[in-house]
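Protein chains: 2
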Amino acid sequence: MAATLRDVAKLAGVSFKTVSNVINDYPHVRPATREKVERAIAELGYKPNLNARSLRSGRTDTVALAVPELNLSYFAELAGMVIAAAEENGLTVVVEQTGGDRDRELALLRSPRLSMTDGLILSPLGMGQEDADALDVPFPLVLLGERTFDWPCDHVTMRNVEAARAATEYLLASGRRRIAVIGEYEGEVMGSARLRLRGYREALAAHGVPYDASLVVRATLWHRADGARAMHELLERDVPFDAVFGFNDTMALGAMRVLQEAGRRVPEDVAVIGFDDLDEAAYSIPSLTTVDPGREWLARTALGTLLARIAEVGPKQPPRTELADFTIVERESAPRA
Amino acid sequence: MAATLRDVAKLAGVSFKTVSNVINDYPHVRPATREKVERAIAELGYKPNLNARSLRSGRTDTVALAVPELNLSYFAELAGMVIAAAEENGLTVVVEQTGGDRDRELALLRSPRLSMTDGLILSPLGMGQEDADALDVPFPLVLLGERTFDWPCDHVTMRNVEAARAATEYLLASGRRRIAVIGEYEGEVMGSARLRLRGYREALAAHGVPYDASLVVRATLWHRADGARAMHELLERDVPFDAVFGFNDTMALGAMRVLQEAGRRVPEDVAVIGFDDLDEAAYSIPSLTTVDPGREWLARTALGTLLARIAEVGPKQPPRTELADFTIVERESAPRA
DNA sequence: CGAGAATTCTACAACGATGCAAACCAGTCC
DNA sequence: GGACTGGTTTGCATCGTTGTAGAATTCTCG
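Each protein sequence line maps, in turn, to chains G and S.
Under UniProt numbering, the residue at position 114 of the first sequence is numbered 114, and the numbers go up by one with no gaps.
Under UniProt numbering, the residue at position 194 of the second sequence is numbered 194, and the numbers go up by one with no gaps.
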């Protein structure tokens with residue numbers, strides 16, 4: 001059985017409350033007493049029972065992070081960054097996977113499991129505006145990622161529209177005019193698919209390039225296989241195109257693979273641009289030009305916002321919306337000029 | 001403030017223990033009472049406080065998973081599988097990143113944070129046999145991954161030597177004789193680098209191919225960039241080679257990229273084989289032949305083993321070692337013949 | 001109809017920690 | 001020397017739940 005405060009106290013010859021005081025750095029403990037207690041702690045290998053502490057203090061020093069799936073590199077890397085940032089703050093992270101499924105997202109928001117945490121960082125994918133009132137939860141909540149809701153809740157998000165517009169303009173500037181898009185998803189209302197498509201259309205409009213729906217390919221999940229499938233579909237449509245904008249890197253890479261299998265040269269015949277700046281984007285053949293949406297900043301800011309909310313005392317501050325800056329990372333799949 | 005058992009009890013007009021009984025499906029509760037209580041629970045939106053439950057019952061229904069970093073796809077995918085399996089069992093998973101660092105691994109094993117969990121699945125990378133006694137922990141522990149220790153502790157691992165040998169023999173069978181290896185790491189004693197290297201050497205020996213140290217490139221971390229760097233080093237050595245065995249897919253992909261930049265054709269000039277069968281291995285150009293070490297099975301078995309250990313009553317069962325079966329996945333980077 | 005046996009419900013004591021407030025103990029001051 | 005001061009230590013209640021044991025109620029049946 002693990003040692004408790006009382007075991008330590010008995011060994012040190014003090015009351016168990018004094019041991020507690022030592023552990024919590026209560027200032028008024030005589031050095032001699034402190035040392036005595038610390039020796040006893042070391043001897044018994046005492047470790048505080050964090051459940052008991054949480055029950056009493058109300059703080060768990062644990063946060064929950066919910067992402068669609070770790071199988072998607074974007075979310076894996078994001079989760080890694082959140083966990084690293086949490087670690088620096090002495091926090092533990094429980095990771096939940098929602099599969100991007102609306103029902104699982106809603107279930108999570110109501111789950112008693114969250115009673116073990118001080119707050120939640122949620123990357124919603126399946127929920128829509130009609131579910132916004134599910135965001136009315138009795139614990140700190142930060143929405144991380146593309147989707148925003150018309151609901152007073154902290155959001156840490158990226159400039160989807162502007163970034164997609166910039167990516168499209170980048171392709172336009174390099175002389176491409178028939179730019180296909182992979183990842184559109186009409187089921188989404190406020191999500192990144194819709195927003196990125198809007199940016200794409202804005203760019204086209206601003207440059208007088210007509211929007212052609214036959215260049216837009218849908219993909220619900222954003223895995224490599226979805227990108228590949230979408231590219232097959234696009235090739236079958238037999239419409240001319242000289243560039244592809246993948247709404248995330250994973251799909252762009254899947255699509256690029258199919259493109260090259262089909263004998264199209266990248267970037268000579270078709271330029272490809274992605275979104276996310278995954279680690280692997282720098283190592284594909286050709287390496288992938290992409291949008292860096294500021295992941296590291298997103299991760300750290302999401303955690304910081306959550307911590308601020310957790311630490312908040314008194315009246316609730318108005319919700320914050322934090323926007324990451326993006327940059328376009330030029331690589332081989334779409335040279336600048 | 002969240003509702004408690006007592007709030008529910010007051011509303012339902014029963015003692016708070018009865019509410020507890022309802023929640024825990026205690027059989028002797030009259031249907032009428034049960035319904036009354038359930039109505040009160042629904043009305044108040046009562047959710048049990050899991051910290052209090054854990055404190056009292058000693059079970060947290062949470063397990064910890066420690067991997068080097070989620071930034072490595074192998075571990076991200078593995079973590080995703082463990083979390084999914086845990087979810088099916090109603091468990092929560094806290095994810096820790098050790099960075100593959102010995103000190104952080106050792107610190108984790110001693111961390112009070114684990115008092116919030118029922119057990120730990122650890123993928124050690126930095127620790128060596130000399131740290132084995134740190135595995136003598138007062139909670140269920142399962143080691144997941146390549147490294148095994150001479151210590152009575154559950155291991156769920158893969159057939160590293162055999163798989164590496166099979167991968168090497170696969171290349172030999174296709175006529176390659178100068179097989180480079182990326183990922184050797186002399187700092188490791190019992191880890192996968194050493195084991196895979198052994199498999200490689202066994203295969204060479206069995207086929208009468210001399211071992212040439214100049215074909216072996218070291219890499220400590222196993223990122224894409226390490227694979228790329230290793231390949232640069234190999235090319236600079238200017239030794240002839242007609243195949244590359246990357247000790248993981250990530251490095252193999254990084255290396256393959258450099259190889260092609262350098263004008264070597266894959267697989268015509270150089271065949272490449274990896275290890276892990278990541279999702280992305282199927283979508284690289286060319287797609288990557290690799291060893292599937294049975295990740296899904298590893299993840300599920302690790303969790304299952306841990307759960308068995310947690311549920312264990314009475315005398316401690318002898319430690320189990322579970323070995324996953326591997327298969328070689330033939331793709332373009334190294335055709336069979 | 002009443003004893004005995006189920007069944008159903010409740011009271012109380014934990015689990016291991018923290019917060020509060022009171023008790024204790026030196027010194028210091030008048 | 002006693003009151004006062006400030007630092008130091010302690011006792012007790014408490015967080016929300018479950019386990020145990022026994023009380024209250026209902027049921028069964030001679």
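Beta carbons are placed, not taken as given, at the ideal position from N, Cα and C, and that holds for glycine.
Reduced DSSP category for residue 116(S) - H, G, I as helix; E, B as strand; rest coil: Taking the second sequence and counting its residues from 1, the one referred to as residue 116(S) is at position 116. For residue 116(S), the secondary structure class from DSSP, reduced to helix, strand or coil, is helix.
Per-residue contacts from residue 231(S) into chain G (C-beta, under 8 angstroms): Within the second sequence, residue 231(S) is the residue found at index 231, counting from 1. By Cβ distance, chain G contributes nothing, its closest Cβ being about 11 angstroms from residue 231(S), past 8 angstroms.
Under 7 angstroms from the C-beta of residue 260(S): neighbouring residues of chain G: Locating residue 260(S) in the second sequence gives position 260, counting from the first residue. Neighbours of residue 260(S) across chain G, judged by C-beta separation under 7 angstroms: 285.
Residues that residue 251(S) contacts on chain G, provided the C-beta gap is smaller than 9 angstroms: Start at 1 with the first residue of the second sequence, and residue 251(S) comes out as number 251. Under the 9 angstroms cutoff, chain G gives no residues; its nearest Cβ is about 10 angstroms from residue 251(S).
Backbone secondary structure at residue 63(G) - three-state DSSP: One-based indexing of the first sequence puts residue 63(G) at position 63. In the structure shown, residue 63(G) adopts extended strand secondary structure according to DSSP, grouped into three states.
Residue 292(S) and residue 321(S) closer than 7 angstroms at C-beta: What you label residue 292(S) is simply residue 292 of the second sequence in a count that begins at 1. What you label residue 321(S) is simply residue 321 of the second sequence in a count that begins at 1. Cβ atoms of residue 292(S) and residue 321(S): not closer than 7 angstroms.
Test: residue 240(G) CB closer than 7 angstroms to a CB of chain S: Numbered from its first residue, the first sequence carries residue 240(G) at position 240. Closer than 7 angstroms: no.
Residue 254(S) versus residue 287(G) - alpha carbon distance: Looking up residue 254(S) in the second sequence gives position 254. Looking up residue 287(G) in the first sequence gives position 287. One C-alpha to the other measures close to 11 angstroms.
Inter-stretch contact at 8 angstroms, needing at least 3 Cβ pairs: the stretch 113–123 of chain G / the stretch 157–170 of chain G: Flag = no, the stretch 113–123 of chain G and the stretch 157–170 of chain G do not touch.
Residue burial classification, residue 337(S) (beta-carbon count within 10 angstroms, cutoff 16): As a first step, residue 337(S) must be located in the second sequence, where it is residue number 337. Exposed, since its Cβ has fewer than 16 Cβ neighbours within 10 Å.
Where residue 320(G) sits in the DSSP three-state scheme: Within the first sequence, residue 320(G) is the residue found at index 320, counting from 1. DSSP, read as helix, strand or coil, puts residue 320(G) in coil.
Chain S contact residues for residue 279(G), given Cβ-Cβ distances below 8 angstroms: The residue labelled residue 279(G) in the question sits at position 279 within the first sequence. Ordered by position in chain S, the residues that pass the 8 angstroms Cβ test against residue 279(G) are 71, 223, 224.
Test: residue 47(S) CB closer than 7 angstroms to a CB of chain G: On the second sequence, position 47 is the one that residue 47(S) refers to. Closer than 7 angstroms to some Cβ of chain G, the Cβ of residue 47(S) qualifies, so yes.
Range covered by the beta strand (DSSP E) that runs through residue 256(G): Mapped onto the first sequence, residue 256(G) falls at position 256. Careful: residue 256(G) lies outside any beta strand (DSSP E), inside the alpha helix (DSSP H) at 249–261.
Residue 252(G) to residue 193(G) span [Cα, whole Å]: The count along the first sequence starts at 1 and reaches residue 252(G) at position 252. The count along the first sequence starts at 1 and reaches residue 193(G) at position 193. Cα-Cα distance, rounded: 14 angstroms.
Residue span of the beta strand (DSSP E) that contains residue 313(S), given as start and end: Against the second sequence, residue 313(S) aligns to sequence position 313. Note, residue 313(S): premise wrong, no beta strand (DSSP E); not H, not E.
Spatial distance of residue 70(G) from residue 79(S) (CA atoms): By one-based count along the first sequence, residue 70(G) stands at place 70. By one-based count along the second sequence, residue 79(S) stands at place 79. Rounded to the nearest angstrom, the gap between the Cα atoms of residue 70(G) and residue 79(S) is 7 angstroms.
Cβ-based contacts, 8 angstroms cut-off: residues of the stretch 78–93 of chain S near chain G: Taking 8 angstroms as the Cβ-Cβ cut-off against chain G, the residues of the stretch 78–93 of chain S that qualify are 79, 80, 83, 84, 87, 92, 93.
Delimiting residues of the alpha helix (DSSP H) encompassing residue 227(G): One-based indexing of the first sequence puts residue 227(G) at position 227. 224–237 is the span of the alpha helix (DSSP H), which, as asked, contains residue 227(G).
C-alpha gap between residue 227(G) and residue 99(G), whole angstroms: Residue numbering aside, residue 227(G) sits at position 227 when the first sequence is read from its first letter. Residue numbering aside, residue 99(G) sits at position 99 when the first sequence is read from its first letter. Taking the straight line from one Cα to the other gives about 18 angstroms.
Beta carbon proximity, residue 140(G) to chain S, threshold 7 angstroms: In the first sequence, the residue the question calls residue 140(G) occupies position 140. Any Cβ of chain S closer than 7 angstroms to the Cβ of residue 140(G) would place that residue at the interface, and such an atom is absent.
8 angstroms contact criterion, which residue 275(G) and residue 247(G) should meet: CB distance rounded: The sequence position of residue 275(G) within the first sequence is 275, counting from 1. The sequence position of residue 247(G) within the first sequence is 247, counting from 1. About 6 angstroms separates the Cβ atoms of residue 275(G) and residue 247(G), confirming a contact at the 8 angstroms cut-off.
Cβ pair count under 8 angstroms reaching 3, the stretch 175–187 of chain G against the stretch 206–221 of chain G: With the cut-off at 8 angstroms, the stretch 175–187 of chain G and the stretch 206–221 of chain G touch.
Endpoints, alpha helix (DSSP H) assigned at residue 103(G): By one-based count along the first sequence, residue 103(G) stands at place 103. That run of the alpha helix (DSSP H) goes 102–110.
is_contact[residue 54(S), chain G] using C-beta, thresh 7 angstroms: The residue labelled residue 54(S) in the question sits at position 54 within the second sequence. Taking Cβ atoms only, chain G reaches closer than 7 angstroms to residue 54(S), which makes this a yes.
Exposed unless 16 or more other CB atoms sit within 10 angstroms - verdict on residue 183(S): One-based indexing of the second sequence puts residue 183(S) at position 183. Residue 183(S) comes out buried.
Segments assigned alpha helix (DSSP H), at least 4 residues, entirely inside the stretch 135–220 of chain G: Runs of the alpha helix (DSSP H) spanning 4 or more residues and lying entirely within the stretch 135–220 of chain G occur at 160–173, 192–206, in chain order.
Any chain G beta carbon closer than 7 angstroms to residue 317(S): The count along the second sequence starts at 1 and reaches residue 317(S) at position 317. Chain G contact via Cβ: absent.
DSSP-derived helix/strand/coil call for residue 90(S): One-based indexing of the second sequence puts residue 90(S) at position 90. Note: residue 90(S) maps to coil in three-state DSSP.
Environment of residue 28(S) [buried if 16+ CB atoms lie within 10 Å]: Position 28 of the second sequence, counted from the first residue, corresponds to residue 28(S). Under this definition residue 28(S) is an exposed residue.
Burial state of residue 214(G) (16 or more Cβ within 10 Å): Walking along the first sequence from the start, residue 214(G) turns up at place 214. Residue 214(G) counts as exposed, since fewer than 16 other C-beta atoms from the protein chains shown sit within 10 angstroms of its C-beta.
Simplified DSSP assignment, three categories, for residue 96(S): Taking the first residue of the second sequence as 1, we reach residue 96(S) at position 96. The DSSP-derived three-state label of residue 96(S) is strand.
Rounded separation between residue 203(S) and residue 86(S) - CA only: For the purposes of this step, residue 203(S) is taken as residue 203 along the second sequence, with counting starting at 1. For the purposes of this step, residue 86(S) is taken as residue 86 along the second sequence, with counting starting at 1. When rounded, the separation of the alpha-carbon atoms in residue 203(S) and residue 86(S) is 38 angstroms.
Residues near residue 196(S) in its chain [Cβ-Cβ closer than 6 angstroms; skip 5 each side]: Walking along the second sequence from the start, residue 196(S) turns up at place 196. Setting aside the 5 residues that flank it on each side, residue 196(S) is surrounded in the same chain by 160, 164, 247, each with a C-beta closer than 6 angstroms to its C-beta; the list follows chain order.
Residue 304(S) (DSSP reduced to helix, strand or coil): On the second sequence, residue 304(S) is found 304 positions in, with the first residue counted as 1. If DSSP states are grouped into helix, strand and coil, residue 304(S) belongs with the helices.
Same chain only: Cβ atoms within 6 angstroms of residue 289(S), ignoring 5 sequence neighbours per side: As a working mapping, residue 289(S) is identified with position 289 in the second sequence. If we look at residue 289(S) and ignore the five residues flanking it on each side, its Cβ neighbours are 273, 330, 331, 333, 334.
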